[in-house]
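Enquirer: Please read through the structure below; I'll follow up with questions.
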Amino acid sequence: MKSISLVLGANRATLSGPRSKQHRIRQNAKAFASRLREAGFGVRKWTNISNKHFAAVADKMKEQGVGDGRIAEIFSAARHLCEAYGNTRISPTNDVFGVKRGTIANANSKAVAPEFVLGAIAKLEAESSYEHGPRCAAQIRLQYELGLRREESAKVDLINDWDKEGRTLRIQYGPKGGRPRTLHNLSDRQQEALERALPYVSQSDRPGIHNLMPSGMGDKWQEKLSYAARLCGFTKKESGWTLHSNRHERFHHMYVEHTGFQPPNQHDSVEAFQKAARDTAGNEWPRLDAEARDDIEVTAGHSPGRRDVSDAYLGSSR
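Quick note: the sequence shown uses the UniProt record's numbering, first residue 1, plus one each step.
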């Protein structure tokens with residue numbers, strides 16, 4: 001397994017996305033390599049990794065008391081490295097390795113307070129000391145109104161992928177796992193957010209792709225956005241919220257809008273949530289809950305039925 005460590009360090013495969021994301025993938029891939037060595041395997045290259053190696057790492061980590069969520073995180077990084085080296089033989093799901101999708105029983109809400117984010121956006125729009133303030137404000141507004149991830153909001157192609165009349169937006173640049181999706185039935189507020197972002201669209205280095213990153217800046221733009229977040233107090237240390245909290249608030253809003261009641265993580269317990277939901281919607285609450293979750297899971301860029309995804313944003317209703 002020494003060879004894998006050398007591959008990670010010296011002969012690096014090309015990974016996409018921000019440098020912080022690439023660093024996280026490499027660190028977790030190193031953890032995979034370390035666990036594989038502990039399991040007694042001496043694979044020389046990522047191209048030689050197979051499902052049996054993943055299974056061995058899963059067994060070793062379970063033996064060490066590591067939870068399925070952490071195992072899945074490490075497996076995701078290892079798949080990235082395998083694919084980067086042309087190895088596409090690894091199972092796309094973890095079930096075959098005995099690793100199940102985790103759930104968050106009643107997670108604390110991470111949704112940003114609307115008045116805070118709107119105040120932060122207004123501050124950046126009027127920021128005269130930072131040239132990228134208004135552009136960052138437009139991007140944060142997209143995250144807040146549409147639930148986009150950081151990379152998606154930076155790379156969305158408003159010229160080619162926004163159908164203003166049809167009220168749809170195609171998200172195909174920067175999505176997690178490379179899975180494109182289309183947002184339908186955009187509200188007036190969402191259309192307005194896209195309209196406000198139009199003045200900041202620039203031609204990227206890739207022909208035909210227009211996005212919110214200044215021309216030629218590429219993924220360094222994320223560092224500029226992070227600086228803007230610090231300027232307006234949009235950090236865990238300063239306010240308790242991060243830019244990802246915008247995504248949490250969007251899905252919180254979608255849930256309440258569809259069901260008429262607050263999600264589980266707005267209550268002290270699952271039992272308290274169920275009582276409040278039943279008081280509002282009677283015996284219809286499970287159907288409304290399921291419909292809202294399906295819609296949120298698809299909007300988030302996953303498949304309907306991925307309750308581990310909606311649980312992470314809303315808390316579990318069971």
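We treat Cβ as the ideally placed atom computed from N, Cα and C, and that holds for glycine.
Here's a check: name, in chain order, each residue in its chain whose Cβ is nearer than 7 Å to the Cβ of residue 71, leaving out the five neighbours to either side.
Expert: 58, 61 and 99
Enquirer: Taking the straight line between their C-alpha atoms, what separation do you get for residue 34 and residue 21?
Expert: The alpha-carbon atoms of residue 34 and residue 21 are separated by roughly 20 Å.
Enquirer: Can you tell me where the beta strand (DSSP E) holding residue 259 begins and where it ends?
Expert: Element bounds for residue 259: not the beta strand (DSSP E) but the alpha helix (DSSP H), 245 to 259.
Enquirer: If residue 259 sits next to residue 147, beta carbons under 8 Å apart, how far is it from one beta carbon to the other, in whole angstroms?
Expert: Actually they are not in contact, since the Cβ atoms of residue 259 and residue 147 sit about 17 Å apart, beyond 8 Å.
Enquirer: So is residue 153 buried or exposed if we call it buried at 16+ other beta carbons inside 10 Å?
Expert: Buried is the call here.
Enquirer: Would you report the Cα separation of residue 94 and residue 126, rounded to the nearest angstrom?
Expert: The alpha-carbon atoms of residue 94 and residue 126 are separated by roughly 48 Å.
Enquirer: Roughly how many angstroms separate the alpha carbons of residue 73 and residue 221, rounded to a whole number?
Expert: When only Cα atoms are considered, residue 73 and residue 221 end up about 26 Å apart.
Enquirer: Suppose the cutoff is 8 Å on Cβ atoms and the five residues either side in sequence are ignored; what does the same chain contact list for residue 6 look like?
Expert: Residue placement at residue 6 is poorly supported in this model, since its pLDDT is 32, which falls under 50; the coordinates still yield a value, given next. Correct list: empty, nothing qualifies.
Enquirer: Just to confirm, are residue 315 and residue 107 a CB contact at a threshold of 9 Å?
Expert: yes
Enquirer: I'd like the list of long-range same chain contacts for residue 313, defined as Cβ closer than 6 Å, with 5 residues on each side in sequence excluded.
Expert: Answer for residue 313: 248 and 251, listed in chain order.
Enquirer: For residue 110, collect the residues of the same chain with a Cβ closer than 6 Å to its Cβ; drop the 5 residues on either side in sequence, then sort them by chain order.
Expert: 245 and 248
Enquirer: CB residue 194 to CB residue 162, shorter than 9 Å?
Expert: Contact flag set, yes.
Enquirer: What did DSSP end up calling residue 149 once you bin it into helix, strand or coil?
Expert: The three-state secondary structure of residue 149, taken from DSSP, is coil.
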